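A.B. asks:
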Amino acid sequence: MRIDNEIKLDFKDVLIKPKRSTLSSRSQVNLEREFTFKHSPLKWKGVPIMAANMDTVGTFQMAISLYKHKMMTTIHKYYSLEDWKTFRDAVSVSETNLDIFNYIAVSSGSKEEDFQKLQSILQEIPQIQFIVLDVANGHTETFVAHVVRTRLTFPEKVIIAGSVATSEMTEELLLKGADIIKVGIGPGSVCTTRKKTGVGVPQLSAIIESADAAHGLSGHILCDGGCTCPGDFAKAYGGGADFIMSGGLFSGHEESGGELVEVDGKQFKEFYGMSSSEAMNKHVGGVAKYRTSEGKKVLIPYKGPVENTVFDILGGIRSACTYVGADQLKHLSKRTTFVRVSQQLNEVYGKS
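Quick note on numbering: numbering that gives the first Met the number 0 labels position 27 of the sequence shown as 26, and the sequence is numbered without any gaps.
1. Quick check: the Cα distance between T191 and K295, rounded to an integer number of angstroms?
2. How many Å lie between K76 and I243 at the Cα?
3. Could you please give me the residues that DSSP links to S245 through a beta bridge?
4. What does the alpha-carbon distance come out to for the pair Q126 and E155?
5. Could you say if the segment 68 to 75 and the segment 49 to 59 meet the contact criterion of at least three C-beta pairs nearer than 8 Å?
6. Output the distance between the C-alpha atoms of S209 and A104, rounded to the nearest integer angstrom.
7. If I measure Cβ to Cβ from I179 and keep anything under 6 Å in the same chain, skipping five residues before and after, which residues do I get?
8. Where DSSP assigns a beta bridge to G35, which residues make up the other side?
9. Could you please give the first and the last residue of the uninterrupted alpha helix (DSSP H) stretch that includes G238?
10. Could you compute how far the alpha carbon of D223 sits from the alpha carbon of G183?
11. Among the residues of its own chain, which have a CB less than 6 Å from the CB of K175, if the five just before and after it don't count?
12. In the DSSP output, which residue or residues are listed as bridge partners for I159?
13. Return no unless some Cβ of chain D is closer than 8 Å to the Cβ of E112.
14. Under 8 Å by Cβ, that's how I've got V305 and F232 pegged, so tell me the actual separation to the nearest angstrom.
15. What residue range does the alpha helix (DSSP H) around E261 cover?
16. How about L22 and G215: do their beta carbons lie closer than 8 Å?
17. Given that a residue counts as buried once 16 or more other Cβ atoms are within 10 Å of its Cβ, and exposed if not, what is R150?
18. With DSSP run on the structure shown, which of helix, strand or coil describes H330?
19. Tell me whether the beta-carbon of E254 lies closer than 8 Å to the beta-carbon of T85.
20. So I130 packs on L80, CB below 8 Å; how close in whole Å?
21. Along the beta strand (DSSP E) that carries R339, what are the first and last residues, could you check?
22. Are the Cβ atoms of I6 and F337 separated by less than 8 Å?
23. Any idea what DSSP makes of C226, helix, strand or coil?
24. Should S341 be labelled buried (16 or more other beta-carbon atoms within 10 Å of its own) or exposed?
25. State the DSSP-derived secondary structure class of M70, mapped to helix, strand or coil.
26. In or out: Y236 buried (at least 16 other Cβ within 10 Å) or exposed?
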């Protein structure tokens, strides 16, 4: 046993210090970024925000809406091959929509049946450029081996792999074939991993340390979880995140999955973690006796179309950039100084 006494920070522990700015309007901020990758030859340009690969978030309908803003959707892994074919045929009606496959990632686990299904989908729809290899614990040797196998099988694709929370595993997965490392153990709004297991690293520190490791190897990181508001997105980018994935903020919308229910005359949508008993009962026949549920289900007030949430997130990030004088998103981390705080907001009149 050992104790790491170094202070570890979460989004709630800091604010971004304002700096002198020459920008006169938020409209001057460019939120698009262009990336090249460590292993894949693909070049990608867009707004580096992703809807999470949860069946209550990462739907085909969400992908269509976020594509209009050049944002990505990581499609959940429980769509069948026939579902994918139907989606492909629907968007292929318009040639202008074919580019949508540059803004979609196909999700897969680490089991053999997951790998076989991934191969089938990519053989049928080779236009898909991004793969998400998503497991709860990316720190295992079996997962590293799976990343190696996937890279050898799909040398041209961009591979996102995780989740991890340390610089050491970020480096390991990059060296073994991943292009983007998914960072976050337990920070999600419907994840109970930290409560059930006591495991995790505060998300901002995990991002800072993993980004430092990744960028030294020409890799990238994806902040997965923990962003509760647009300001948290700005802090994640300020800490070095290249991409940000969100589940909670994209839940509850018209395009989101989850059943629409009515309670006392008000509409809600179901939202649950993918390690929750709800998800496991739905997709894998229940919670195995050797494990515990590490997620929960909540009801989200129905939010309508996702576009309003998109504008809120993007507007907040643009505003943060103007406060520190960054005219491009890629400059935000270079312009960021974090101030440690004990209080974020004045909530004398309640939360907003």
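Don't be surprised by glycine CBs; every beta carbon is placed ideally from N, CA and C. Computed from a predicted structure; not experimentally measured.
C.D. replies: The structure says:
1. The straight-line gap from Cα to Cα measures roughly 7 Å.
2. In a straight line, the C-alpha of K76 is about 19 Å away from that of I243.
3. Partner(s): A50.
4. Cα-Cα distance, rounded: 11 Å.
5. Flag = yes, the segment 68 to 75 and the segment 49 to 59 touch.
6. Each residue's alpha carbon lies about 22 Å from the other.
7. Residues I159, H219 and L221 of the same chain have their beta carbon placed closer than 6 Å to that of I179, with the five preceding and five following residues left out of the count.
8. A small fix is needed here, since residue 35 is Thr in this sequence, not Gly. T35 is bridged to K42.
9. Boundaries cannot be given for G238, as no alpha helix (DSSP H) includes it and DSSP labels it neither H nor E.
10. Within the model, the alpha-carbon separation for D223 versus G183 is close to 5 Å.
11. Excluding sequence positions up to five before and after K175, its CB lies within less than 6 Å of the CB of V143, V146 and V147, all in the same chain and listed in chain order.
12. For I159, which the question treats as bridged, DSSP gives the partners V131 and I179.
13. As a matter of chain content, chain D is missing from the structure shown, which is built from one protein chain.
14. Cβ atoms of V305 and F232 stay farther apart than 8 Å, at about 15 Å.
15. That residue, E261, is in no alpha helix (DSSP H); its beta strand (DSSP E) goes L259 to V262.
16. No, these two residues do not count as a Cβ contact at 8 Å.
17. Classification for R150: buried.
18. DSSP, reduced to helix, strand and coil, places H330 within a helical segment of the structure shown.
19. No, they are not a contact pair.
20. Contact doesn't hold; Cβ gap of about 15 Å is too wide.
21. If you look at R339, you'll find it in the beta strand (DSSP E) that goes F337 to R339.
22. No, they are not a contact pair.
23. Residue state, collapsed to three classes: coil.
24. With fewer than 16 other CB atoms across the displayed protein chains lying within 10 angstroms of its CB, S341 is exposed.
25. Reduced to three states, the DSSP call for M70 is coil.
26. The residue in question, Y236, is buried, as its Cβ has 16 or more Cβ neighbours within 10 Å.
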